[in-house]
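Student: There's a structure below that I have some questions on.
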Amino acid sequence: SVFIVNNLNDSGAGSFREAVSKPGRFVLFNVSGIIHLESPITVSPYTTIAGHTAPGRGVVLYGRKVSFSNSNETISRFLRIRLGDLSGASKNEDASGIANGENIILDHMSFSWGLDEVFSINWDNKKKEPNNITLQNCIIGQGLHAYNHSAGGLMETSGRVSILKSLYISNKTRNPKVKGQSEFVNNVVYNFGNANRTIMEHKISADGYILGGGTQLVSHALILNNYFIGGPATPKTKHSPFSRGNENFNIYQAGNYYDNNQNGVLDGDLIAGNDTWYPGLQGENFRTQQDFKSYPSVSPSMDAQESFEYILQNVGAVLPKRDEVDELLVRELDSKGIEGSYIIQENDLPLPNNGLGEFPEVVPSKDSDGDGIPDVWEEKLGLDKNNPSDALLPSKDDEFKGYLNIEVYLHQLASE
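Right, dumping it as structure tokens:
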């Protein structure tokens, strides 16, 4: 079924909470602005969330965790989830994450302001262990320093995890911390650490990609064509973005670069496959591509430099339009080491609404039959703007055979 979020209420009819409370829904929006959450939300299975259908700058879910645990067979796109420390969240709360479930795609999502982690995949030993999880084109940023736990997140499951074309930015540590089967391809990690500014006697430290840490779980990680870039929070003595490897962590790596001179120019060094760059790993931990022919198996579509340029333009909830928080983060990234946030609470940002920025009210496009497809798109797709049932009918277009009209609309809207 199609559910249209038509208000910014925490709960009740037409709310986002109600929209994701039952499985099997396409969740669309005809409202823009800040949804203040009063308690955590868990997204039901078999859900498609289409944040790019909102007018204006879209929506942001603020104040409590939005979980994708047990959200099997779910796709969420173009949505912002920002936790923060000013709306009742506990100091152990993540902005978002997955504790169990499989076959989940999170695309063009913006996650920020976690108090424990920003976004984690960490099995809770309940239901299905996380498997076949993809994060792509996402921002995982600005883990708050309020409780000395500014952390991008854990990626710890024996299932398969893919992190592609995404940005970890201004998190002190865990960018990410990995164990299990994973692929980390065409990403950028920027401004990790807490150098030059500390509170409450926090120890100055920085960890980019953590190679398993103290785990005994045998891990297989593919790490290709990523750019790691130091910013003002990164100690200049940090000679590698990798740390805490162990004998159980096996990698195939190539095409990765590290730039920590903080000079405003992208001129990093190629990372070699040795224990100087990957501390704690031994010779037998460095594998070949043949060892990864079953999984991970992603072939990089860009080199590290191209990944940086792509991410500047495309990462996060770019549709319907980037909000002011993401615009700020991308500007900092584009400074190439000169600028970078260090925030204790969200209102440290120089933006209105406690750091969330402005969301001007915008009238949504006319949808005569209320099926979620605006009239202008009904005409483009050859549908009837007065037939509320055609959104869920199979497309008659041979190019989209097997897809519903609502799916064709969402795909083409994202491709404009």
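Take -7 as the starting number for the sequence shown in the working numbering and just add one per residue. We treat Cβ as the ideally placed atom computed from N, Cα and C, and that holds for glycine. None of these values were measured; they are calculated from a predicted model.
What's the call for G374, buried or exposed, on a 16-neighbour Cβ count within 10 Å?
Tutor: To locate residue 374, count along the sequence shown from 1; it is residue 382. Its Cβ having fewer than 16 others within 10 Å, G374 is exposed.
Student: DSSP on V368, reduced to helix/strand/coil?
Tutor: As a working note, residue 368 is residue 376 in the sequence shown. Three-state result, V368: helix.
Student: Within the segment 39 to 99, note down every full beta strand (DSSP E) run reaching 3 residues or more, in order along the chain.
Tutor: 40 to 42, 51 to 54, 66 to 69, 72 to 74, 88 to 90, 94 to 99
Student: Just to confirm, are W105 and G144 a CB contact at a threshold of 8 Å?
Tutor: Position 113 of the sequence shown, counted from the start, is the residue given in the question as residue 105. Position 152 of the sequence shown, counted from the start, is the residue given in the question as residue 144. No, the pair does not count as a contact, with Cβ atoms beyond the cut-off.
Student: Please report the straight-line C-alpha distance between F8 and N266, rounded to a whole angstrom.
Tutor: In the sequence shown, residue 8 corresponds to position 16, counting from 1. In the sequence shown, residue 266 corresponds to position 274, counting from 1. Approximately 48 Å between the Cα atoms of the pair.
Student: Put N179 into one of helix, strand or coil per three-state DSSP.
Tutor: Taking the first residue of the sequence shown as position 1, residue 179 is located at position 187. Residue state, collapsed to three classes: coil.
Student: Using the DSSP secondary-structure output, state which residues sit across from N242 in a beta bridge.
Tutor: As a working note, residue 242 is residue 250 in the sequence shown. Looking at the DSSP output, N242 shares a beta bridge with H212.
Student: Since P312 contacts G48 with CB under 8 Å, what's their CB separation in whole angstroms?
Tutor: Position 320 of the sequence shown, counting from 1, holds the residue named residue 312. Position 56 of the sequence shown, counting from 1, holds the residue named residue 48. Confirmed, about 7 Å.
Student: How big is the Cα-Cα spacing for E276 and N242?
Tutor: Reading the sequence shown from its first residue, position 284 is the one you call residue 276. Reading the sequence shown from its first residue, position 250 is the one you call residue 242. Between E276 and N242, the C-alpha separation is close to 8 Å.
Student: Mapping the DSSP letters down to three states, classify Y249 as helix, strand or coil.
Tutor: If you number the sequence shown from 1, residue 249 lands on position 257. Strand, per DSSP.
Student: DSSP three-state label for Y201, please.
Tutor: Position 209 of the sequence shown holds residue 201. Y201: strand per DSSP, three-state reduction.
Student: Suppose you measure from the CA of Q281 to the CA of S174; what does that come to, to the nearest Å?
Tutor: Within the sequence shown, residue 281 is the residue found at index 289, counting from 1. Within the sequence shown, residue 174 is the residue found at index 182, counting from 1. About 14 Å.
Student: Are three or more beta carbon pairs between the segment 36 to 54 and the segment 371 to 385 nearer than 8 Å?
Tutor: no
Student: DSSP beta-bridge partners for E148?
Tutor: Counting from one through the sequence shown, the residue named residue 148 turns up at place 156. Beta-bridge pairing links E148 to N114, K171.
Student: Any chance the segment 79 to 91 sits against the segment 111 to 124, with 3 or more Cβ pairs inside 8 Å?
Tutor: yes
Student: Report the three-state DSSP secondary structure of N266 (helix, strand or coil).
Tutor: Taking the sequence shown and counting its residues from 1, one reaches residue 266 at position 274. Judged by DSSP in its simplified three-state form, N266 adopts coil rather than helix or strand.
Student: Leaving aside the five residues before and after F234 along the sequence, list all residues of the same chain whose C-beta is less than 7 Å from its C-beta, in chain order.
Tutor: Start at 1 with the first residue of the sequence shown, and residue 234 comes out as number 242. So the qualifying residues of the chain are G200, Y201, L203, W269, Y270, P271.
Student: According to the Cβ coordinates, are K328 and G256 closer than 8 Å?
Tutor: Start at 1 with the first residue of the sequence shown, and residue 328 comes out as number 336. Start at 1 with the first residue of the sequence shown, and residue 256 comes out as number 264. The answer is yes: Cβ separation under 8 Å.
Student: Looking at C-alpha atoms only, which residue of P168, E148, K164 is the closest neighbour of Q208?
Tutor: By one-based count along the sequence shown, residue 208 stands at place 216. Comparing Cα positions, the closest option is E148.
Student: Relative to the C-alpha of L53, which residue among T66, N62, F21, I155 is closest?
Tutor: As a position in the sequence shown, residue 53 is number 61, starting the count at 1. The shortest C-alpha separation from L53 is found at F21.
Student: Do F220 and Y250 count as a contact pair if the criterion is CB distance below 8 Å?
Tutor: Position 258 of the sequence shown, counting from 1, holds the residue named residue 250. Position 228 of the sequence shown, counting from 1, holds the residue named residue 220. Yes.
Student: Under a three-way DSSP split, which group does G275 fall into?
Tutor: Locating residue 275 in the sequence shown gives position 283, counting from the first residue. The DSSP-derived three-state label of G275 is helix.
Student: Within 10 angstroms of its Cβ, does G222 collect 16 or more other Cβ (buried), or is it exposed?
Tutor: Numbered from 1 along the sequence shown, position 230 holds the residue referred to as residue 222. The residue in question, G222, is buried, as its Cβ has 16 or more Cβ neighbours within 10 Å.
Student: Going by the beta-carbon positions, is the gap between A296 and N183 smaller than 8 Å?
Tutor: By one-based count along the sequence shown, residue 296 stands at place 304. By one-based count along the sequence shown, residue 183 stands at place 191. Taking 8 Å as the Cβ cut-off, A296 and N183 do not qualify as a contacting pair.
Student: Have a look at V19 and G133 and give me their C-alpha separation to the nearest angstrom.
Tutor: On the sequence shown, residue 19 is found 27 positions in, with the first residue counted as 1. On the sequence shown, residue 133 is found 141 positions in, with the first residue counted as 1. Rounded to whole angstroms, V19 to G133 spans 25 Å at the Cα level.
Student: Checking 8 Å against the spacing of the C-beta atoms, do D108 and N84 come in under that value?
Tutor: Against the sequence shown, residue 108 aligns to sequence position 116. Against the sequence shown, residue 84 aligns to sequence position 92. Yes; because the gap between Cβ atoms is below 8 Å, this pair is in contact.
Student: Pick out whichever of P224, N1, L159 has its Cα sitting closest to the Cα of D99.
Tutor: Looking up residue 99 in the sequence shown gives position 107. Of the candidates P224, N1, L159, the one whose C-alpha sits nearest the C-alpha of D99 is L159.
Student: Between the C-alpha atoms of N114 and E94, what's the straight-line distance to the nearest angstrom?
Tutor: Start at 1 with the first residue of the sequence shown, and residue 114 comes out as number 122. Start at 1 with the first residue of the sequence shown, and residue 94 comes out as number 102. The alpha-carbon atoms of N114 and E94 are separated by roughly 12 Å.
Student: With DSSP as the reference, label Q282 as helix, strand or coil.
Tutor: As a first step, residue 282 is located in the sequence shown; it is residue number 290 there, counting from the start. Helix, per DSSP.
Student: Report yes if the CB atom of E316 is closer than 8 Å to the CB atom of E350, and no otherwise.
Tutor: In the sequence shown, the residue the question calls residue 316 occupies position 324. In the sequence shown, the residue the question calls residue 350 occupies position 358. Against a cut-off of 8 Å, the Cβ pair of E350 and E316 comes out as a contact.
Student: Hey, N345 and D361: beta-carbon distance below 8 Å or not?
Tutor: Here residue 345 is taken as the residue at index 353 of the sequence shown, counted from 1. Here residue 361 is taken as the residue at index 369 of the sequence shown, counted from 1. No, the pair does not count as a contact, with Cβ atoms beyond the cut-off.
Student: Are any of the Cβ atoms in chain C nearer than 8 Å to that of I33?
Tutor: You won't find chain C in this structure, because it holds only one protein chain.
Student: Grouping DSSP H, G and I as helix and E and B as strand, with all else coil, what is D302?
Tutor: If you number the sequence shown from 1, residue 302 lands on position 310. Residue identity check: residue 302 is Tyr in the sequence provided, not Asp. In this structure, Y302 counts as helix in the three-state DSSP scheme.
Student: Please name the residue in V58, T34, S24, D2 whose C-alpha comes closest to that of K14.
Tutor: As a first step, residue 14 must be located in the sequence shown, where it is residue number 22. Ranking the options by Cα distance to K14, first place goes to T34.
Student: Suppose you measure from the CA of A198 to the CA of N179; what does that come to, to the nearest Å?
Tutor: The residue labelled residue 198 in the question sits at position 206 within the sequence shown. The residue labelled residue 179 in the question sits at position 187 within the sequence shown. Using only the alpha carbons, I get a separation of about 18 Å.
Student: Let me know the secondary structure DSSP gives H403 once reduced to three states.
Tutor: Translated into positions along the sequence shown, residue 403 becomes position 411. Helix, per DSSP.
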